[in-house]
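The numbering used here numbers the first residue of the sequence shown as 42 and each following residue consecutively.
Backbone N, C-alpha and C define an ideal beta-carbon position, used for all residues, glycine too.
Predicted model, so just to flag it, every value in this text is computed and none were measured.
The structure appears below as structure tokens.
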Amino acid sequence: MGIFKKKSTFQKISQSITDLLAITVKIDDEFYENLEETLIMADIGIDTTEKILVEMKKIADRRNLYNEQKIKEAIVEVIAKIVDKGDRNKLCPDNPLIILMIGINGGGKTTSIGKLANRCKNDGRTVLLAAADTFRAAAAEQLTEWGNRVGVRTIRHEEGTDPSAVIYDAIQSAKANNIDVLICDTAGRLQNKRNLMKELEKMDRVITREYPEANRETLLVLDATTGKNAISQAEEFNDIANITGIILTKLDGTARGGIAITIADQFDMPIKFIGMGEGLDDLIPFDPMEFAGGIFDE
Ligand SMILES: Nc1nc2c(ncn2[C@@H]2O[C@H](COP(=O)(O)OP(=O)(O)OP(=O)(O)O)[C@@H](O)[C@H]2O)c(=O)[nH]1
Ligand SMILES: [Mg+2]
42 MGIFKKKSTF QKISQSITDL LAITVKIDDE FYENLEETLI MADIGIDTTE
92 KILVEMKKIA DRRNLYNEQK IKEAIVEVIA KIVDKGDRNK LCPDNPLIIL
142 MIGINGGGKT TSIGKLANRC KNDGRTVLLA AADTFRAAAA EQLTEWGNRV
192 GVRTIRHEEG TDPSAVIYDA IQSAKANNID VLICDTAGRL QNKRNLMKEL
242 EKMDRVITRE YPEANRETLL VLDATTGKNA ISQAEEFNDI ANITGIILTK
292 LDGTARGGIA ITIADQFDMP IKFIGMGEGL DDLIPFDPME FAGGIFDE
């Protein structure tokens with residue numbers, strides 16, 4: 042426990058629910074109305090909020106929620122159930138694995154790749170990076186720096202070249218060197234959805250053709266500090282890519298942990314990791330119960 046300690050990730054939800062419970066004498070319609078308002082104010086979408094209320098009512102029918110502690114436990118239980126996607130919450134453990142990191146500019150893709158490479162390496166897997174964000178000159182440089190820090194190689198081409206060609210080369214190198222995990226950085230220009238879609242389709246074709254035996258992950262990196270924008274990005278990317286999981290970054294700098302619940306529910310997307318800082322060790326595997334418990338972790 043305690044990953045959210047001294048962090049403000051859930052300040053919004055926990056403070057308002059605690060305030061609400063302080064004035065609650067019994068679980069009645071008024072309580073549910075207030076809870077509904079509290080959840081919506083804490084960045085939880087309307088549909089997801091409704092679902093939470095329905096589940097809360099079911100629990101209240103079965104069990105006597107006679108004090109603040111019991112009510113909090115029920116809320117944690119309901120939220121954990123919503124974000125729990127079973128094994129889908131975990132990174133694919135099978136080798137070889139190819140991971141495409143997608144998401145808009147500044148979300149934290151490159152940083153998360155560095156942290157994820159470190160994590161895979163510590164798990165005993167060999168790792169190779171592919172700088173398939175050829176849009177910015179500095180992008181390959183930044184990825185290579187992360188690779189050096191972790192101690193893994195990075196395949197890169199010149200700026201402006203075809204990102205799929207980088208992936209092609211990286212796959213050949215991964216195969217030749219028996220690499221377990223190949224992680225590919227991509228450029229995130231959502232302002233042009235058609236181009237982005239075409240680019241992702243092309244990468245997909247190259248991977249399917251050149252590396253049919255590889256297990257696949259397409260991880261969408263979302264910046265939690267952007268709140269509702271992160272939710273619309275999940276929607277946009279869900280339309281154009283076969284997303285297998287979410288990395289929710291910058292949860293250390295926001296009180297908007299609530300959006301994780303909405304994204305997991307609304308798009309049935311498993312959250313796989315959360316970013317809690319800029320350091321190498323600040324990517325934490327997502328644990329549904331720990332996450333939900335973090336709401337009232339004081
Ligand atoms: N506090 C905090 N900062 C983060 C986290 N993850 C990434 N950042 C910071 O967010 C900024 C953008 O991260 P990048 O990894 O460059 O983002 P990107 O998605 O690769 O961006 P582009 O390459 O421009 O598309 C950097 O300053 C990172 O240090 C996190 O979990 N917490
Ligand atoms: Mg980047």
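Exercise. Per DSSP, what kind of secondary structure is residue 249 in: helix, strand or coil?
Worked result: Note: residue 249 maps to helix in three-state DSSP.
Exercise. Rounded to a whole number of angstroms, what is the C-alpha to C-alpha distance between residue 203 and residue 318?
Worked result: Going from the Cα of residue 203 to the Cα of residue 318 covers about 32 Å.
For this session: Run the proximity test for residue 1: is its beta-carbon closer than 8 Å to any non-hydrogen atom belonging to ligand 2?
Result: Outside the modelled stretch of the chain, which goes from 42 to 339, sits residue 1, for which no answer is possible.
For this session: Between the Cα of residue 173 and those of 192, 83, 109, 243, spot the shortest distance and give me the residue it belongs to.
Result: Comparing Cα-Cα distances from residue 173 to each of 192, 83, 109, 243, the minimum goes to 243.
Exercise. Buried or exposed: which applies to residue 55, given that a residue is buried once 16 or more other Cβ atoms fall within 10 Å of its Cβ?
Worked result: Buried.
Exercise. So what does DSSP say about residue 284, is it helix, strand or coil?
Worked result: If DSSP states are grouped into helix, strand and coil, residue 284 belongs with coil.
Exercise. Would you report the Cα separation of residue 69 and residue 305, rounded to the nearest angstrom?
Worked result: A straight-line Cα-Cα distance of about 28 Å links residue 69 and residue 305.
Exercise. Is residue 249 buried or exposed, if buried means 16 or more other CB atoms sit within 10 Å of its CB?
Worked result: Within a 10 Å sphere around the beta-carbon of residue 249 sit fewer than 16 other beta-carbons, which makes this residue exposed.
For this session: Put residue 160 into one of helix, strand or coil per three-state DSSP.
Result: Helix at residue 160.
For this session: Let me know if residue 95 comes out buried or exposed under the rule of 16 or more other beta-carbons within 10 Å of its beta-carbon.
Result: With fewer than 16 other Cβ atoms inside 10 Å of its own Cβ, residue 95 counts as exposed.
Exercise. So what does residue 256 bridge to, in DSSP terms?
Worked result: Paired residues: 138.
For this session: Would you check if the stretch 249-269 and the stretch 160-180 touch, i.e. whether three or more CB-CB distances between them fall below 8 Å?
Result: The stretch 160-180 vs the stretch 249-269: no contact.
For this session: Assign residue 102 to one of two classes, buried (16 or more other C-beta atoms within 10 Å of its C-beta) or exposed (fewer than that).
Result: Counting the other CB atoms within 10 Å of its CB gives residue 102 a total below 16, which places it among the exposed residues.
Exercise. When we look at the beta-carbon of residue 87 and count the other beta-carbons within 10 Å, is it buried (16 or more) or exposed?
Worked result: With fewer than 16 neighbouring CB atoms inside 10 Å of its own CB, residue 87 falls in the exposed class.
Problem set entry | Which of helix, strand or coil DSSP assigns to residue 147 | Annotated three-state conformation of residue 147 is coil, per DSSP.
For this session: Identify, in the order they occur along the chain, each residue of the same chain with its Cβ nearer than 7 Å to the Cβ of residue 201, setting aside the five sequence neighbours on each side.
Result: Its chain contains 175 as the residues whose beta carbon lies nearer than 7 Å to that of residue 201, once the 5 sequence neighbours on both sides are disregarded; these appear in chain order.
For this session: On the DSSP bridge assignment, give the partners of residue 225 in chain order.
Result: 141, 171.
Exercise. Identify the residues that DSSP records as bridge partners of residue 293: which are they?
Worked result: According to DSSP, which records beta bridges pairwise, residue 293 is partnered with nothing at all.
Problem set entry | C-beta contact flag for residue 166 and residue 184 at 9 Å | Between residue 166 and residue 184, the gap from beta carbon to beta carbon reaches 9 Å or more.
For this session: Return yes when the Cβ of residue 89 is within less than 9 Å of the Cβ of residue 61, no when it is not.
Result: Taking 9 Å as the Cβ cut-off, residue 61 and residue 89 do not qualify as a contacting pair.
Exercise. What three-state label does DSSP hand residue 191 in the structure shown?
Worked result: Assignment of residue 191 by DSSP, reduced to helix, strand and coil, places it in the helix class.
Problem set entry | Three-way DSSP call (helix, strand, coil) for residue 316 in this model | Look at residue 316 here: in three-state DSSP terms it is strand.
For this session: Compute the Euclidean distance between the alpha carbons of residue 235 and residue 163, then round it to the nearest angstrom.
Result: In a straight line, the C-alpha of residue 235 is about 38 Å away from that of residue 163.
For this session: Return yes when at least one heavy atom of ligand 2 lies under 8 Å from the C-beta of residue 264, else no.
Result: Every heavy atom of ligand 2 is 8 Å or more from the Cβ of residue 264, so no.
Exercise. Anyone know if the C-beta pair for residue 314 and residue 153 falls short of 9 Å?
Worked result: Yes, the pair counts as a contact, with Cβ atoms nearer than the cut-off.
Problem set entry | Inter-residue spacing [alpha-carbon to alpha-carbon] between residue 227 and residue 194 | So the alpha carbons of these two residues sit roughly 17 Å apart.
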